[in-house]
Structure formats: structure tokens, C-alpha cells
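Residue numbers (the working numbering): 1 to 415.
Presented below is the structure to which this report refers.
This is how it looks when you write it as C-alpha cells:
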């Protein structure tokens with residue numbers, strides 16, 4: 001019976017064999033990384049391994065005994081002084097550090113995502129497949145703008161209605177709804193005080209209580225008012241916009257001048273200095289209306305240059321008028337045609353010249369008569385000798401005198 005080898009000798013042999021194989025394997029890795037030919041012993045080692053020989057074992061050692069020792073549960077430990085077999089050695093290639101795992105080179109992991117592999121062309125990154133990866137579904141844009149629930153909409157409407165109602169109640173019953181400013185514009189003949197009086201409301205009254213229609217009706221009764229608009233200016237103002245009739249002349253009475261409006265009405269009770277319109281003398285009734293209608297068709301710049309207009313009827317012409325201009329000229333004309341002829345007055349004045357004064361006859365044709373001429377003297381004498389009132393006015397005055405005498409006779413008979 002053979003003597004069993006010592007267990008310590010077996011451990012030492014196994015350790016030497018393994019250390020020798022490890023060194024050979026390290027030499028092979030260094031040769032591959034540096035691009036050098038493989039060591040010759042590497043091929044021999046492969047061939048011997050293929051033939052079933054143990055290259056690192058001694059000739060006197062039986063492999064069966066080694067396996068038998070392993071099956072008995074005995075373990076072989078590495079010497080800690082020799083180093084950890086799992087230690088990673090660091091090499092350099094092209095001046096860059098390369099980490100090489102000398103023990104776990106053939107270890108493969110199940111998940112290769114993000115791992116680098118060393119190959120003949122350098123390191124490569126293996127792209128993992130996304131087949132097993134579940135993509136996160138995107139929510140449609142409309143899902144972020146979902147319609148609010150109907151109960152929330154109704155609640156918001158109710159709250160909004162209550163807020164509006166509360167604001168209205170506060171405005172009506174507080175001083176915020178009181179009239180604080182009344183603005184009157186567009187009037188020149190009628191003063192602001194009389195217009196404000198006809199509004200029938202004043203500052204301090206409630207905005208909702210004023211009657212704008214009634215105020216417009218009261219103001220429109222004034223003879224000078226052509227158009228009026230009374231409007232609320234929220235939240236506490238009132239605007240009164242007035243349009244008055246244009247003034248075409250003035251009539252005098254007891255030393256006062258009263259405007260003659262374009263609607264042929266005399267604004268009695270509102271005296272004003274004559275400005276930008278002529279003073280009218282001795283016009284009554286239909287002659288007055290016809291003259292005002294003619295004056296309304298004359299350009300404002302020419303009308304402003306007329307100082308006075310007299311009604312001078314004669315036996316030959318009951319429509320004759322006599323006018324004095326601000327530039328010193330006198331004009332004899334017909335009030336029915338004065339509108340069409342007076343619009344050419346500027347051209348006439350340029351032909352006459354600024355230094356020459358006289359009488360311009362526009363009654364039948366158009367002629368200029370200097371003051372030192374006989375024709376001008378005859379015209380002026382005939383104008384001043386003519387009655388200053390219309391014939392029908394004299395007839396009316398005579399009739400009224402006869403009636404007065406008759407009435408006075410009845411009184412004397414009773415006595």
C-alpha cells in the first residue's frame with residue numbers, strides 16, 4: 001500500500017502550479033495589449049492542456065489524489081502576502097491608463113448596458129436594445145385643460161352675480177352716485193346759469209334720478225337753441241352740449257342791441273354788443289324775413305364787413321336797401337338779390353382801390369359812383385328823402401290810429 005503524500009506538500013505544489021499559470025496568463029495579456037507576439041510557451045501550454053497533461057504539475061504527483069483531497073472538503077487558501085487574486089492591475093497604452101482584471105476576464109454579466117469591451121480596434125460601447133423598455137405615454141394637451149365641473153361653473157356665476165348686485169346697491173345708496181360735475185359747452189348767447197336752471201337738477205342729486213329727456217326739452221324752448229344733448233358721464237358727471245343758431249344781425253331798442261338769429265327770430269331779453277354782424281334798421285314783417293334769408297347766404301367774412309343796413313323803399317322800388325361798409329363805402333341794393341352780388345364785393349373793392357370812396361349801385365346792375373360825382377349826389381339825396389318805414393307799416397299805423405279815435409268817441413258819448 002502506497003504512502004499518502006503529505007497534505008502540506010500538496011498545498012504547496014498546488015499553489016506553485018497556480019502561481020505559474022497565473023504568471024503565464026499575465027504575460028499573454030501584456031503581449032496582446034502591447035501588440036507583441038504571444039510567448040511560445042503559450043501554444044505549448046494549450047497543446048499540453050488539450051492532450052490532458054497538467055503543465056504545472058510535478059511528475060510524481062497523482063491528479064486523482066488531488067481531486068480526492070478536494071472532495072474531502074479541504075480548502076486551499078492563498079497567502080495574503082502574495083496578494084488578492086481579484087486585484088485589478090493597471091497598464092498603460094499610448095500614455096493612457098488601462099485597467100485589466102487579471103482574474104475575472106471571462107466573467108460575463110447578464111445586463112451589458114453601459115459596459116465597454118476591449119477589442120482589436122479599441123474600446124467599443126455596446127448599445128442596448130430598447131425592446132424590453134416601456135415608453136412613458138404622453139398625455140394629450142387637451143387633458144391639461146379639462147372643462148371645469150358644472151357645479152363649479154354655477155357656483156362662480158352665483159358669486160359673480162352677488163358681487164355685482166352688492167356693488168350696484170352700494171353705488172345707488174352711497175355718495176358715489178351723486179352728481180358732482182355739470183359740464184355746459186357750445187353756448188354763447190345763453191349764459192350757463194339759465195341753462196343750468198332749465199335742467200331741473202343740480203349737483204348732489206342722484207345720477208339715476210335725473211331726467212335727461214325733460215332737461216333737453218326745457219332747454220330747447222329757448223329761441224337761440226338749435227340742438228341740445230344732455231348725457232350722463234359715468235360715474236358722477238353730466239355733459240350738456242348745445243348748438244345755437246347763427247347771428248346774422250342786431251336790432252336796436254332803447255339803446256340796447258338784440259341778436260337776430262338765422263331762424264329770423266330776435267333774441268329779445270338777451271342784449272349783446274353788435275359783433276361780426278350788421279345792425280338792421282326799419283325792417284319788419286316779410287321784408288325782415290327776406291333780408292335775413294339773403295344774409296344767411298353771404299360769406300361770413302363779407303358779412304362781418306357790413307356795419308349798418310337800412311330799409312329805404314321808394315315809389316320805384318319797395319325792396320331797396322342802403323348799406324354802410326366798415327371800409328367807408330356805401331351800397332345801394334335790392335334785398336332780394338343782395339346775396340348773389342355781395343359775394344363779389346372783394347373783387348369790386350380791389351378794382352376800386354383803397355383810396356377811392358363812393359357809392360356802389362347794385363340795385364339793377366353794378367356800378368361805382370365816386371362821392372364827388374353828380375350821380376352819387378342824386379342817389380344819396382333820394383335815399384335820405386325816402387320814408388324810413390315801409391308803406392304797409394304806415395297803413396297799419398294809420399288804421400290803428402283810426403280805431404283809437406273811434407274807441408275814444410264811444411267813451412265821450414257815455415259821459
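Using N, Cα and C, we set each Cβ at its ideal position, and we do this for glycine too.
Quick caveat: nothing in here was measured; it's all calculated off a predicted structure.
- Task: To the nearest angstrom, report how far apart residue 292 and residue 221 are at their CA atoms.
- Result: On the chain shown, residue 292 is found 292 positions in, with the first residue counted as 1. On the chain shown, residue 221 is found 221 positions in, with the first residue counted as 1. Approximately 21 Å between the Cα atoms of the pair.
- 7 Å CB neighbourhood of residue 266 in its chain, flanking five on each side removed: Mapped onto the chain shown, residue 266 falls at position 266. Correct list, in chain order: 251, 258 and 260.
- Leaving aside the five residues before and after residue 187 along the sequence, list all residues of the same chain whose C-beta is less than 7 Å from its C-beta, in chain order. By 1-based counting over the chain shown, the position of residue 187 is 187. Closer than 7 Å at Cβ, skipping near neighbours: 195, 242 and 244.
- Task: Decide if residue 215 is buried, meaning its Cβ has at least 16 other Cβ atoms within 10 Å, or exposed.
- Result: Position 215 of the chain shown, counting from 1, holds the residue named residue 215. By the 10 Å Cβ count, residue 215 comes out buried.
- Message: Applying the 10 Å Cβ sphere with the 16-neighbour rule, what's the burial state of residue 204?
- Response: Translated into the one-based positions of the chain shown, residue 204 becomes position 204. It is exposed - the Cβ of residue 204 has fewer than 16 other Cβ atoms within 10 Å.
- Query: Nearest CA to the CA of residue 380: which residue from 307, 322 and 367?
  - Reply: Reading the chain shown from its first residue, position 380 is the one you call residue 380. It is 322 whose Cα lies nearest to the Cα of residue 380.
- Task: Have a look at residue 170 and residue 210 and give me their C-alpha separation to the nearest angstrom.
- Result: Numbered from 1 along the chain shown, position 170 holds the residue referred to as residue 170. Numbered from 1 along the chain shown, position 210 holds the residue referred to as residue 210. Their backbone Cα atoms lie some 18 Å apart in a straight line.
- Look at the alpha carbon of residue 268 and the alpha carbon of residue 280, and state the distance between them as a whole number of angstroms. Working through the chain shown from its first residue, we reach residue 268 at position 268. Working through the chain shown from its first residue, we reach residue 280 at position 280. Between residue 268 and residue 280, the C-alpha separation is close to 14 Å.
- Once you ignore the five residues that flank residue 363 on each side, which residues in its own chain have a CB closer than 8 Å to its CB? One-based indexing of the chain shown puts residue 363 at position 363. Excluding residues within five positions, the ones whose Cβ falls inside 8 Å are 317, 320, 332, 333 and 334.
- Message: Please identify the residue among 273, 234 and 378 whose C-alpha is closest to the C-alpha of residue 189.
- Response: Residue mapping note: residue 189 aligns to position 189 of the chain shown, counting from 1. The shortest Cα separation from residue 189 among 273, 234 and 378 belongs to 273.
- Distance, Cα to Cα, residue 377 vs residue 360? As a first step, residue 377 must be located in the chain shown, where it is residue number 377. As a first step, residue 360 must be located in the chain shown, where it is residue number 360. About 12 Å.
- Query: Less than 8 Å separating the beta-carbons of residue 343 and residue 299?
  - Reply: Sequence index remark: in the chain shown, residue 343 carries index 343 (1-based). Sequence index remark: in the chain shown, residue 299 carries index 299 (1-based). Cβ atoms of residue 343 and residue 299: closer than 8 Å.
- Item | Inter-residue CB distance, residue 180 and residue 237 (contact presumed, cutoff 8 Å) | Here residue 180 corresponds to residue number 180 of the chain shown, with the count starting at 1. Here residue 237 corresponds to residue number 237 of the chain shown, with the count starting at 1. Right, the Cβ-Cβ distance comes to about 7 Å (below 8 Å), so this counts as a contact.
- Query: Terminal residues of the continuous beta strand (DSSP E) containing residue 320?
  - Reply: Within the chain shown, numbered from 1, the residue matching residue 320 stands at position 320. Counting along the chain, the beta strand (DSSP E) containing residue 320 begins and ends at 320-325.
- Query: When burial is assigned at 16 or more other CB atoms within 10 Å of the CB, is residue 247 buried or exposed?
  - Reply: In the chain shown, counting from the first residue as 1, residue 247 sits at position 247. The residue is buried, with at least 16 neighbouring Cβ atoms inside 10 Å.
- Looking at the structure shown, is residue 249 part of a helix, part of a strand, or coil, going by DSSP? Position 249 of the chain shown, counted from the start, is the residue given in the question as residue 249. Of the three classes helix, strand and coil, the one that applies to residue 249 here is strand, per DSSP.
- Query: Straight-line CA distance for residue 370 to residue 290?
  - Reply: Indexing the chain shown from 1 puts residue 370 at position 370. Indexing the chain shown from 1 puts residue 290 at position 290. Roughly 30 Å between the two C-alpha positions.
- Can you grab the Cα-Cα spacing for the pair residue 175 / residue 154, in whole Å? Counting from 1 along the chain shown, the entry for residue 175 is found at position 175. Counting from 1 along the chain shown, the entry for residue 154 is found at position 154. Between residue 175 and residue 154, the C-alpha separation is close to 33 Å.
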